[in-house]
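Scroll down for the structure; my scribbles are underneath it.
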Amino acid sequence: MTTLATRVLPGLPAGFGGGKLIMRNYLVYRRNWIVFATGFLEPVFYLFSIGIGVAALVDEFVMPNGQVVEYTAFVAPALLAASAMNGAIFDSTFNIFFRLKYIKLYDAMLATPLRPWDIASGEIGWALIRGGIYSGAFLAVMTAMGLTGSWWAVLALPATLLIGYAFAGVGMALTTFMRSWQDFEFVQLTILPMFLFSATFYPLHAYPAALQWIVEITPLYRAVVLCRELVTGALTWGSVVSVAYLVAMGSAGLYLASRRLSRLLLT
Amino acid sequence: MTAASPPTAASAPAPAGRTGTLGLALRQFDYWLTVYRRTWKGSAVSSFVMPLLYLTAMGVGLGGFIDDPDAIERLGGLTYLEYIAPGLLAATVMQNAVFESTYPVMSGIKWNKVFVAMLNTPVVVPALLLANFGYIAFRMTTIAGVFIVVTAVFGLVPSVWAGLLGLLVAVLIGLAHATPVVALSGRLENDAGFAIVFRLGVMPMFLFSGAFFPVSQLPAVFEWLAYVTPLWHGVELTRMLTTGTLEAGMAAVHTGYLLLWLMTGWWLAIKTFSRRLVQ
Amino acid sequence: MVVSRFVPGRKRVGPGIESLTVTFGDRGALIRARGLVKRYGDFEAVRGIDLDVPSGEAFGFLGPNGAGKSSAMRMIACVSPTSSGELTVLGLDPLADGSAIRARIGVCPQEDQLDVELTVRENLTVYGRYFGLSRAECRSRADELLDFVQLTDKANAKVESLSGGMKRRLTIARSLINQPDLLLLDEPTTGLDPQARHLLWDKLFRLRQQGVTLVLTTHYMDEAEQLCDRLVVMNDGRIVAEGSPTALIAQYSTREVTELRFGVGHHEQLGGKVADLAERIEVLPDRLLLYTDDGERATSEVAARGLRPDSVLVRRSTLEDVFLRLTGRSLVD
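Residue numbers (the working numbering), protein chains in the order written: chain H, 9 to 275; chain R, 344 to 622; chain W, 1009 to 1341.
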């Protein structure tokens, strides 16, 4: 018998109730499979656009360890990281807000033995599964285009899951504070500059030194560094920093999201 | 008359009967004004800030790495910033126009049903669409206006005339994309279709219609595909204006092609709306 | 009074408007239909109906879901072209003069269709503009109407925050902004609580008193009895009965009904034993209905035959009895 106390406390999951939520999301998407299938196209289009178009205009770049990479090979891992972020943010903000405020999905779920923890972990689990499939497909495209320079690239897939975990956790926590769709402009306002300025399209040294450290502390920069180093095989200690950073970010987000959902839904 | 009774008949009958389409469209002015007042802040980032961020990141940031003579020649002797500024203007207008033609239109038909309510009044379908397109034209004017003023400050607009014509062209580009998408929105049963519109229509157009690099770099098939898109014509026309290379013959072709999309879309929109809402 | 707004043959000449002669057919009917048909593809929603609604009447369409009421209403509201047959509304042809007709009718649709992101007051003022009213006129009418539907203190609230009943009242207020000669209400009280329904009935009753012609659809029989001078019962796209509520009861039912409840499962076999006590009986799983002009007498006869029902209820016949007799008890949709 589930008492209110065990439902309120995030605690440790006694069994993974989130699986039911993942199942539900899967059923919804199965009906809209074309929406799911086309979801991974955005980064691929960007990659083609860069590879066919912009790369012809830009010379190679030199990585921090001295390795020289073609422009497309330089941008591709950054697009991998950015699309992992975009997907996780989309799933954890727009989708969750819609379910929370409009279709009252979670109210209905909490009328069953499911707990807020199950909802938070289930939604993030779903975001990771979806993101993982997209990242895997994107990595395959990259490999086919000859853009993966090392066996370390295999680890880029778990890296994107970690990126998804970090952004989905924080995204979901922030969503619980949102009042209306207007607030999503702030999400846009955070995501877009990160996408454009986190050394995604050109190296960090393009910025004046004063700006460089601001870029370096953004989560997407950490994600981009991690993916770029793994895919090109030009590994440094920077990647270890990135992993620690992203783990901490996701865990803090998930904990806060679960706490906030308890407060919002079980009052 | 007691306080709690409805207004009795006014002595003069309400103006009714054969008001023209334009007159009926103007009656919706207050509606669209309230909509704008309520939504402009919510779309300020995507309308005003986003294009400038792209311009800074790509034009200034990436542009700093595009300096060898071969690349400059590919860009027709322009710096990368000069090259993508008009491209981004056209592409941003396209994106926003398509957005205005999707979810808000479906809401008017299906969710909020504002359009359905309007048609219970003397408003008719062509007047409803005229007002909606008028609103989209206004939105595009504000978006392009901000972009043109900011880029002019950085010396990317050669003259006031180029700026003003650029504004006009932006409205044309916006409507050339808006009218067919509004017609499509009038047919769709749910918003899942919009994901396809954005992912398979807007996104590839944004990236491959000559805004970021010359379409001649594309494989032949895709190059021709780019020529078919209205956006490529919009990008070229805008670039002619901002780089002071206006050439009458090609400008007429681009304008005519955009007008063709605009008129066809408008005609289709009247058809689909009539079929959907007056049946 | 409002009734005098309709003078047959009067010329309406507004600024910049061609003269529009309003002529009415026989008896000055605001709505006149002959053999009216609405088809959607192969499906015939309305299968040839005749109607005459005179000025000042409160007229009702009754019928189960899918009977064709809403389709008929949409044709009258000039938002749905007729498939065949004749229809004139306010003496005009909906196909040719839809816009001019809509200028003079008020429509309260089945779903509210309010702009939920605007305020209560904005919903009225913006809507008034569609009729070509000046802003000042829209404002003053909006205030009067908000008062009329008791929403003045909600004037600046977003529609989102209103209860169902409030939204309905706002929709009715909105349909009155052009001071219509004819008000069309499609299921005006569906989904409302009893308080909200009674408040709405009161408002509609006042409008009727002022001479506004009301045409409404409903599947609440008490609503039809309360509000309508005359009504038609529609079933399967056709009109199956027509008359005032009392006339319909007299024609299709008896004065009273005796409802007898026995233990579950007994009703079938007991039906035969009391069949001769009433004009008509109906056997339902949970009770026996005896349609008779004297319910008390039927009750004592039942007792005299040694039958001991668990409960007895004698009531007056209602439109509901008429309705169920004409359209059957089985679910339509």
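Ideal Cβ positions, reconstructed from N, Cα and C, are used throughout, including at glycine.
- Look at the alpha carbon of Tyr426 of chain R and the alpha carbon of Met583 of chain R, and state the distance between them as a whole number of angstroms. Those two C-alpha atoms are separated by around 10 Å.
- Message: So if DSSP puts Asp1194 of chain W in a beta bridge, which residue, or which two residues, is it bridged to?
- Response: W:Thr1225, per the DSSP bridge assignment.
- Query: Which whole-angstrom value describes the C-beta separation of Thr208 of chain H and Val232 of chain H, a residue pair presumed to lie in contact below a C-beta threshold of 8 Å?
  - Reply: Sure, about 6 Å apart at Cβ, within 8 Å.
- Message: Is it the case that the stretch 73-86 of chain H contacts the stretch 49-63 of chain H, given that we only count it when at least three CB pairs across the two stretches are under 8 Å?
- Response: Flag = yes, the stretch 49-63 of chain H and the stretch 73-86 of chain H touch.
- Message: Can you look up Thr1031 of chain W in the DSSP assignment and give me helix, strand or coil?
- Response: A caution first: Thr1031 of chain W carries a pLDDT of 41, below 50, which makes its placement in the model unreliable, though a value can still be read off. Here DSSP, grouped into helix, strand and coil, assigns Thr1031 of chain W to coil.
- Message: Can you tell me whether Cys1116 of chain W is helix, strand or coil according to DSSP?
- Response: If DSSP states are grouped into helix, strand and coil, Cys1116 of chain W belongs with the strands.
- Straight-line Cα distance separating Glu1145 of chain W from Val1128 of chain W: If you take the alpha carbons of Val1128 of chain W and Glu1145 of chain W, they lie about 17 Å apart.
- Query: Considering only residues of the same chain and omitting the five flanking positions on each side of Phe458 of chain R, which have a CB-CB separation below 7 Å?
  - Reply: Counting only Cβ-Cβ distances below 7 Å, and skipping sequence neighbours, we find Gly451, Ile452, Leu471, Leu620.
- Taking the DSSP output, what are the residues bridged to Ser1092 of chain W? Ser1092 of chain W pairs with W:Val1045.
- C-alpha distance - Leu1292 of chain W paired with Gly1273 of chain W, whole-angstrom precision: Distance between the alpha carbons of Leu1292 of chain W and Gly1273 of chain W is about 10 Å.
- Does the stretch 416-435 of chain R come within contact of the stretch 1052-1065 of chain W, defined as at least 3 CB pairs closer than 8 Å? Contact between the stretch 416-435 of chain R and the stretch 1052-1065 of chain W is absent, because fewer than three Cβ pairs lie under 8 Å.
- Task: Mark Arg1035 of chain W as exposed unless 16 or more other C-beta atoms lie within 10 angstroms of its C-beta, in which case mark it buried.
- Result: Per-residue confidence for Arg1035 of chain W stands at a pLDDT of 46, beneath the threshold of 50, marking its modelled position as unreliable; the derived number appears in the next sentence. Arg1035 of chain W should be labelled exposed.
- Task: Kindly say whether Glu1130 of chain W, judged by its beta-carbon, lies nearer than 8 Å to any beta-carbon of chain R.
- Result: Chain R, which has a Cβ nearer than 8 Å to the Cβ of Glu1130 of chain W, makes this yes.
- Is Ile137 of chain H closer than 8 Å to Tyr173 of chain H when the C-beta atoms are compared? The Cβ atoms of Tyr173 of chain H and Ile137 of chain H lie no closer than 8 Å to each other.
- Message: Taking the beta carbon of Val162 of chain H as the centre, do at least 16 other beta carbons fall within 10 Å, making it buried, or is it exposed?
- Response: With fewer than 16 other Cβ atoms within 10 Å, it is exposed.
- Scan the stretch 81-152 of chain H and note each continuous alpha helix (DSSP H) run of 4 residues or more that stays entirely inside, going in chain order. If we require 4 residues or more, the alpha helix (DSSP H) runs fully inside the stretch 81-152 of chain H come out as 113-118, 124-152.
- Item | Classification of Tyr446 of chain R by the beta-carbon crowding that lies within 10 angstroms, buried from 16 upward | Counting the other CB atoms within 10 Å of its CB gives Tyr446 of chain R a total below 16, which places it among the exposed residues.
- Message: Using the Cβ count rule (16 or more neighbours within 10 Å means buried), how would you classify Gln371 of chain R?
- Response: Buried.
- What alpha helix (DSSP H) runs, 4 residues minimum, are completely inside the stretch 1137-1211 of chain W? For the stretch 1137-1211 of chain W, whole alpha helix (DSSP H) runs of length 4 or above, ordered along the chain, are 1143-1156, 1172-1183.
- Query: Contact check, Leu1239 of chain W vs Gly1106 of chain W under 8 Å by CB: the rounded distance?
  - Reply: In this structure, Leu1239 of chain W and Gly1106 of chain W do not form a Cβ contact; the two beta carbons are roughly 26 Å apart against a cut-off of 8 Å.
- Task: Could you say which of W:Val1248, W:His1227, W:Asp1294 lies nearest to Leu1334 of chain W if we only look at CA atoms?
- Result: The option with the nearest alpha carbon to Leu1334 of chain W is W:Val1248.
- Task: Could you tell me the distance, in whole angstroms, from the CA atom of Leu1070 of chain W to the CA atom of Phe551 of chain R?
- Result: Take the alpha-carbon of Leu1070 of chain W and the one of Phe551 of chain R: they are about 59 Å apart.
- In the stretch 456-469 of chain R, which residues sit with their C-beta less than 7 Å from some C-beta in chain W, listed in chain order? Against chain W - using a Cβ distance shorter than 7 Å - the residues of the stretch 456-469 of chain R are Lys456, Val457, Val459, Ala460, Met461, Leu462, Asn463, Thr464, Pro465, Val466, Val467.
- Query: Which same chain residues, not among the five before or five after Pro429 of chain R, have their C-beta less than 6 Å away from its C-beta?
  - Reply: Taken in chain order, the residues that qualify are Thr581, Arg582, Thr585.
- Message: Would Phe203 of chain H and Leu228 of chain H be called neighbours here (beta carbons separated by less than 8 Å)?
- Response: Contact flag set, yes.
- Query: Does any residue of chain R bring its CB to less than 8 Å from the CB of Gln75 of chain H?
  - Reply: No, no contact with chain R.
- Message: Closest to Leu1235 of chain W by C-alpha separation, out of W:Gly1245, W:Val1223, W:Phe1270, W:Ile1109, would be which residue?
- Response: Among W:Gly1245, W:Val1223, W:Phe1270, W:Ile1109, the Cα nearest to that of Leu1235 of chain W belongs to W:Val1223.
- Query: Just how far apart, CA to CA, sit Leu603 of chain R and Val514 of chain R?
  - Reply: Roughly 14 Å between the two C-alpha positions.
- Query: Looking at the structure shown, is Phe1270 of chain W part of a helix, part of a strand, or coil, going by DSSP?
  - Reply: Coil, per DSSP.
- Could you give the residue range of the alpha helix (DSSP H) that holds Thr409 of chain R? Sequence inspection shows Ile at residue 409 of chain R; the Thr mentioned does not correspond to that position. Counting along the chain, no alpha helix (DSSP H) covers Ile409 of chain R, and no H or E run does either.
- Task: Using DSSP bridges, identify the partner residues of Gly1068 of chain W.
- Result: In DSSP, Gly1068 of chain W forms a bridge with W:Leu1224, W:Leu1239.
- Query: Taking the C-alpha atoms as reference points, what is the distance between Ser1063 of chain W and Ala1181 of chain W?
  - Reply: So the two alpha carbons sit approximately 21 Å from each other.
- Give the secondary structure of Tyr229 of chain H by DSSP, where H, G and I count as helix, E and B as strand, and everything else as coil. Judged by DSSP in its simplified three-state form, Tyr229 of chain H adopts helix.
- Item | Given Ile516 of chain R as reference, the closest of R:Asn455, R:Phe476, R:Val492 once Cα atoms are compared | The shortest Cα separation from Ile516 of chain R among R:Asn455, R:Phe476, R:Val492 belongs to R:Phe476.
- Task: Could you name the residues of chain R that Glu1125 of chain W contacts, counting a contact when the two beta carbons are closer than 8 Å?
- Result: Going along chain R in sequence order, the residues near Glu1125 of chain W (Cβ under 8 Å) are Arg381, Asn455.
- Skipping 5 residues on each side, what residues in its chain have a beta carbon closer than 7 Å to that of Val77 of chain H? By the criterion of a C-beta distance shorter than 7 Å, Val77 of chain H is surrounded in its chain by Glu68, Phe69, Met71, Thr240, once the five residues flanking it on both sides are discounted.
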